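So the sequence lines, in the order shown, correspond to chains A and B. Sequential numbering of the first sequence, starting at 1, is according to the numbering used here. Sequential numbering of the second sequence, starting at 244, is according to the numbering used here.
There are 2 protein chains.
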Amino acid sequence: MTQTNRDRNIIVTVDVVLFALHDKRLHVVLTRRPREPYAGQLALPGGYVHQQEDIDSLAAAVRVLRTKTGIAPPYLEQLYSFADGARDPRGWSVSLGYFALVDESVLRAAQSVEPGFGFELFDVSSVPRLSFDHNRIVDVALQRLRDKSAYSTLPCYLLPEQFTFAQVHETYEHVMGVALDKSAFRRKLTEMDVLEECKGQRVGGAHRPAQLFRVKTDLAHRLRLLDRPLAVPNPDKTATGLA
Amino acid sequence: MTQTNRDRNIIVTVDVVLFALHDKRLHVVLTRRPREPYAGQLALPGGYVHQQEDIDSLAAAVRVLRTKTGIAPPYLEQLYSFADGARDPRGWSVSLGYFALVDESVLRAAQSVEPGFGFELFDVSSVPRLSFDHNRIVDVALQRLRDKSAYSTLPCYLLPEQFTFAQVHETYEHVMGVALDKSAFRRKLTEMDVLEECKGQRVGGAHRPAQLFRVKTDLAHRLRLLDRPLAVPNPDKTATGLA
Numbered sequence: 001m002t003q004t005n006r007d008r009n010i011i012v013t014v015d016v017v018l019f020a021l022h023d024k025r026l027h028v029v030l031t032r033r034p035r036e037p038y039a040g041q042l043a044l045p046g047g048y049v050h051q052q053e054d055i056d057s058l059a060a061a062v063r064v065l066r067t068k069t070g071i072a073p074p075y076l077e078q079l080y081s082f083a084d085g086a087r088d089p090r091g092w093s094v095s096l097g098y099f100a101l102v103d104e105s106v107l108r109a110a111q112s113v114e115p116g117f118g119f120e121l122f123d124v125s126s127v128p129r130l131s132f133d134h135n136r137i138v139d140v141a142l143q144r145l146r147d148k149s150a151y152s153t154l155p156c157y158l159l160p161e162q163f164t165f166a167q168v169h170e171t172y173e174h175v176m177g178v179a180l181d182k183s184a185f186r187r188k189l190t191e192m193d194v195l196e197e198c199k200g201q202r203v204g205g206a207h208r209p210a211q212l213f214r215v216k217t218d219l220a221h222r223l224r225l226l227d228r229p230l231a232v233p234n235p236d237k238t239a240t241g242l243a
Numbered sequence: 244m245t246q247t248n249r250d251r252n253i254i255v256t257v258d259v260v261l262f263a264l265h266d267k268r269l270h271v272v273l274t275r276r277p278r279e280p281y282a283g284q285l286a287l288p289g290g291y292v293h294q295q296e297d298i299d300s301l302a303a304a305v306r307v308l309r310t311k312t313g314i315a316p317p318y319l320e321q322l323y324s325f326a327d328g329a330r331d332p333r334g335w336s337v338s339l340g341y342f343a344l345v346d347e348s349v350l351r352a353a354q355s356v357e358p359g360f361g362f363e364l365f366d367v368s369s370v371p372r373l374s375f376d377h378n379r380i381v382d383v384a385l386q387r388l389r390d391k392s393a394y395s396t397l398p399c400y401l402l403p404e405q406f407t408f409a410q411v412h413e414t415y416e417h418v419m420g421v422a423l424d425k426s427a428f429r430r431k432l433t434e435m436d437v438l439e440e441c442k443g444q445r446v447g448g449a450h451r452p453a454q455l456f457r458v459k460t461d462l463a464h465r466l467r468l469l470d471r472p473l474a475v476p477n478p479d480k481t482a483t484g485l486a
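Listed below in C-alpha cells is the structure:
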C-alpha cells in the first residue's frame, strides 16, 4: 500500500469548455494542438497543471485559458474530472474539466498571448472530432449548462453588461435549445426579481426604443440559483447510479 | 511548455464520502489513517489511484471503499475534485472526491478486508476534525446530497429495498434537515410516480399494518431526477462565480 513511483507519474491537466454566443447561436472555443499527441488537431484549451505556478486547479484553468486564448471569462466553474488509463496515449491521466461563459465582445477583443496560438469557434450542434475524449467533455459541459440554466441566471454571462428583454429571452432559448413562450418567460423573470432596469437607457429607433436591463448589482458577480425553473428542458431525464 | 518531471509527480487520490442512516440520523463513515501524514487520525476512506489496477477513477473509488471498509454501495457518484498545492503536506495533490449512499444493514454486514482497518460512524452534525481538507469534502458532499435529494429519489438509497411510507418520509426529513408536511410529501411522491406497492407486503401489528413500498423496478438502479422539488431546503442560496 506504500506509494510507489509508478503511482506518482499520473498526468494531470486542466481543460476548459468555453461557451459564447456567435451569430445568435451557442458556440464553443477550440484550439489547435501545437504538438503530439494529436498535433494540429482541434482540442479544448487545456494544459498541464504547473505545480510551481498554480495555487489550485482553478488558477491553472485561468492561466491555461489566458495563455492559449487570451480570454479571462467572468464565469468559470469546475465541471467534472475525467480520469482513466485510456483517454491519453501517454498514460493514466486526469483532466480537471472546467466550463466557462463569456460575452462575444470579450472574444472579439481577445488576443492570443502565445505566438502561433489562437482559437476557433464552433457551433455546439456541429462540433468536429476532437483530440482525446474532448467531445465527451463538451457533451457533459453542454448538459450541465442546460440543466443549470433552467434554474439560474447563468445564461446572462453570455450577454454584455446591459441587454434588452429580447436579448435575454433569445439567449435562454439558444442555450436551452427550446422555444420559450415570451410572456411566460417575462413573468417568471419578473417574479424571480433578478434583473433591474438601467435607468434612462434604451436602445433602438425613436419609435418604441427597448429598455435596457442588467443583472441586479448585488448579484452581478454571483450566480443566482432559483427555486423554480425558468424553463424545463427535459423533465424525464435520469442519471445512472451504480447497478 | 514541454512537460518536465516536476509536473509528473502530482499525488492523485480518491476519497469517498459514504452516508448512511444510523439511529434515524444521517451519518458519515470515517476511517483511521494507518500511516503518516495524520497517522491514527480520522479521515475519509481514500487512497492513491493505482494505475495498473484501476481502469478509471470510479473503479479506484470502488476498490478503495471495498479495501478500507468492506462496503460496496449501490450508489456512488463523482462529487468534486479538490486540487491544490496546500491540502497535502507531501505536495501538490488531487483528491477525486466521490459520494455514496448505503442502507444501514449493508454497513452492519460489512467487514473490513484489510486487517487492522475498520470504520466508525459519525453524525453529520458533529463530525470531528479530520485529516487533510476532509472536513471541507464532507461539507461539499452534504450540500450536494441535500440539493439533489430535493429533486430526486436519491435518499431511497439509504433505505432497505422495501420500506414503509413513514420510513421514506422520515428519511427525506433526516437528509434535508427540515420537517416535511406528511400529506403534502405523500401527494408529491404519488404525483411523481416513482414508488410502487410491494403486493401483499405489510409490516407492523395486526391492527393497521403498514404497506411496504419499493422504488419502481425500472428505476431501481437509476437515480430519478424530478422536474419539481419534493422539498425546497433553501430557495435563496447562491453560488459564487469568478468576480
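A virtual CB, placed ideally from N, CA and C, is assigned to each residue, including glycine. Since the structure is predicted, the reported quantities are computational estimates derived from the model, not experimental observations.
{"Check": "What is the DSSP secondary structure of Ser338(B), counted as helix, strand or coil?", "Outcome": "strand"}
{"Check": "Specify the secondary structure class of Phe436(B) as computed by DSSP and reduced to three states.", "Outcome": "The sequence shown places Asp at residue 436(B), not Phe. In this structure, Asp436(B) counts as coil in the three-state DSSP scheme."}
{"Check": "Between the stretch 39-70 of chain A and chain B, which residues of the former have a C-beta closer than 9 Å to a C-beta of the latter?", "Outcome": "Gly47, Tyr48, Val49, His50, Gln51, Gln52, Asp54, Ile55, Asp56, Ser57, Leu58, Ala59, Ala60, Val62, Thr67"}
{"Check": "Below 7 Å between beta carbons is the criterion; list the residues of the stretch 321-351 of chain B that meet it against any residue of chain A, in chain order.", "Outcome": "Gln321, Tyr323, Ser324, Ala326, Asp327, Gly328, Trp335, Val337, Leu339"}
{"Check": "Can at least three beta-carbon pairs, one atom from the stretch 292-302 of chain B and one from the stretch 429-440 of chain B, be found at a separation below 8 Å?", "Outcome": "no"}
{"Check": "Just mark Gly200(A) as buried or exposed, buried being the case when its beta carbon has 16 or more other beta carbons within 10 Å.", "Outcome": "exposed"}
{"Check": "Which two residues bound the contiguous alpha helix (DSSP H) that contains Thr31(A)?", "Outcome": "That residue, Thr31(A), is in no alpha helix (DSSP H); its beta strand (DSSP E) goes 25-32."}
{"Check": "Smallest Cα separation from Leu401(B): which of Ala393(B), Val418(B), Ala409(B), His293(B)?", "Outcome": "Val418(B)"}
{"Check": "Inspect the beta-carbon positions of Val271(B) and Phe408(B) and report whether they are closer than 8 Å.", "Outcome": "no"}
{"Check": "Could you pull the start and end residues of the alpha helix (DSSP H) that Leu301(B) belongs to?", "Outcome": "300-312"}
{"Check": "Taking only the alpha-carbon atoms, compute the straight-line gap between Ala315(B) and Leu107(A) and give it to the nearest angstrom.", "Outcome": "47 Å"}
{"Check": "Would you list the one or two residues that DSSP bridges to Asp123(A)?", "Outcome": "His27(A)"}
{"Check": "Could you tell me the alpha carbon to alpha carbon distance between Ser93(A) and Lys431(B), rounded to whole angstroms?", "Outcome": "44 Å"}
{"Check": "Considering only C-alpha positions, which residue in the set Val62(A), Glu120(A), Gly46(A) is nearest to Val14(A)?", "Outcome": "Gly46(A)"}
{"Check": "For the beta strand (DSSP E) that contains Val349(B), what are its first and last residues?", "Outcome": "Run containing Val349(B): none in the beta strand (DSSP E); it sits in the alpha helix (DSSP H), 347-352."}
{"Check": "Assign Gln52(A) to buried or exposed, taking buried as 16 or more other Cβ atoms, counted over all protein chains shown, within 10 Å of its Cβ.", "Outcome": "exposed"}
{"Check": "Measure the alpha-carbon distance for Ile10(A) versus Asp147(A) and round it to whole angstroms.", "Outcome": "32 Å"}
{"Check": "Does the stretch 63-81 of chain A come within contact of the stretch 122-134 of chain A, defined as at least 3 CB pairs closer than 8 Å?", "Outcome": "no"}
{"Check": "Does the distance from the CB of Ser374(B) to the CB of Ser81(A) come in under 8 Å?", "Outcome": "no"}
{"Check": "Could you pull out every residue in the same chain whose Cβ sits closer than 7 Å to the Cβ of Asp331(B), ignoring the five residues on either side in sequence?", "Outcome": "Ile254, Phe375"}
{"Check": "With a threshold of 7 Å, establish whether the CB of Arg268(B) neighbours any heavy atom of the ligand SAM.", "Outcome": "The model depicted lacks the ligand SAM and carries no ligand whatsoever."}
{"Check": "Taking the alpha-carbon of Arg387(B) as reference, which of Leu322(B), Ala303(B), Phe456(B) has the nearest alpha-carbon?", "Outcome": "Leu322(B)"}
{"Check": "Since Leu76(A) contacts Val62(A) with CB under 8 Å, what's their CB separation in whole angstroms?", "Outcome": "7 Å"}
{"Check": "For Cys441(B) and Gln405(B), which I take to be in contact (beta-carbon distance under 8 Å), what is that distance rounded to the nearest angstrom?", "Outcome": "5 Å"}
{"Check": "Is it buried or exposed, Thr153(A), if we count other Cβ atoms within 10 angstroms and call 16 or more buried?", "Outcome": "buried"}
{"Check": "Could you have a look at Tyr151(A) and say whether DSSP puts it in helix, strand or coil?", "Outcome": "coil"}
{"Check": "With the cut-off set at 8 Å, would you say His293(B) and Ala303(B) are in Cβ contact?", "Outcome": "yes"}
{"Check": "Going by DSSP in three states, Ile254(B) sits in which element: helix, strand or coil?", "Outcome": "strand"}
{"Check": "Could you say which of His134(A), Glu170(A), Asp139(A) lies nearest to Ala86(A) if we only look at CA atoms?", "Outcome": "His134(A)"}
{"Check": "Between Asp346(B) and Pro403(B), how many whole angstroms is the CB-CB distance? I'm expecting something under 8 Å.", "Outcome": "5 Å"}
{"Check": "Spell out whether any CB of chain B is found under 8 Å from the CB atom of Leu18(A).", "Outcome": "no"}
{"Check": "Under the three-state reduction of DSSP, which class applies to Ala141(A): helix, strand or coil?", "Outcome": "helix"}
{"Check": "Using three-state DSSP, classify Tyr281(B) as helix, strand or coil.", "Outcome": "coil"}
{"Check": "Quick check: what's the CA-CA separation for Tyr98(A) versus His22(A)?", "Outcome": "21 Å"}
{"Check": "Helix, strand or coil for Gln295(B)? Go by DSSP, reduced to three states.", "Outcome": "coil"}
{"Check": "Does Leu101(A) come out as helix, strand or coil in the three-state DSSP assignment?", "Outcome": "strand"}
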